[in-house]
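Have a look at the structure below before the remarks.
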Amino acid sequence: MQIKSKYKIARRLGPSVFEKTQTQKYAARASRKKEPRGMSGMTDFGKALLEKQRARFTYLINERQFKRYAENANAESKKKPEESLFEKLETRLDNTVYRMGLASTRLAARQMVNHGHILVNGRRVSIPSAKAEVNDIIAIAARSRGSKLFAGLVEKAKEYKQPEWVTFDIAKFEGKVLSTPKLTPTELAFDIAAILDFYKR
């Protein structure tokens, strides 16, 4: 999924969709701009569409793949659709690498996976959308540890706190998926229920 202008997208969808627009510099720049056209008086459909776009750009997923996630979540019978969709998004391999603290952005995490720097249970996996399962061991390939992509990782690891469902041991250059991620709607940058309703139309 290619992104041409993060600042234009963040202005339309909100700064939380990209890590690099969650800064004071961006906030100051955005405060000097007028509200984008059409934001006031938006219909319910328009609001749901906006939430869907926020989620898509947050996780860097194209429409076809995101639609499949949402439709499968709506068809889920063993758990709530909201929990199912959240789990599908969070347990993507690129996002899991990001959550472990190996990359400062999801885009950088995706590049790590694409370029073969990441191992899952000892095997190289280069598909960002691959699902990370509970008890999976995710590691940086030995030949990649000296790459500039991982420069300063030891220092960063001292300050970064992973979410409860993953861990990473910088001494071993490997981490583990401890459990499935738990949904906390108030912590999301988008309305997950509105998104699921959008795909029921």
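The opening position of the sequence shown corresponds to residue 35 in the working numbering, with each subsequent residue numbered one higher.
Every residue gets a Cβ at the ideal spot worked out from N, C-alpha and C, and that includes glycine.
As the structure is a prediction and not an experimental result, all values here were calculated from the model.
Could you check the C-alpha separation between Y60 and E208 for me, to the nearest Å? Interpretation of Y60 is limited by its pLDDT of 46, a score under 50 that renders its predicted location unreliable; no figure is taken from the coordinates.
Report all residues from its chain with a CB closer than 7 Å to the CB of K101; omit the five preceding and five following residues, and keep chain order. Cβ within range, chain order: Y233.
Cα-Cα separation, E221 to F91: 17 Å
Does the beta-carbon distance from M134 to V188 come in below 8 Å? In this structure, V188 does not lie closer than 8 Å to M134 by Cβ.
So the candidates are I204, A185 and V211; which of them puts its Cα closest to the Cα of P197? V211
Does DSSP put L153 in a helix, in a strand, or in coil? Strand.
Once you ignore the five residues that flank N155 on each side, which residues in its own chain have a CB closer than 8 Å to its CB? D170 and I171
Terminal residues of the beta strand (DSSP E) in which G209 lies: Segment E208 to V211, the beta strand (DSSP E) holding G209.
Residues sharing a beta bridge with F202, DSSP: Beta-bridge partners assigned by DSSP to F202: G209.
6 Å CB neighbourhood of Y194 in its chain, flanking five on each side removed: G135
Mind checking who K165 pairs with in its DSSP beta bridge? R126
Output yes or no for whether 8 Å exceeds the beta carbon distance between A6 and T125. Residue coverage of the chain in this structure runs from 35 to 235, which leaves residue 6 outside it and unanswerable.
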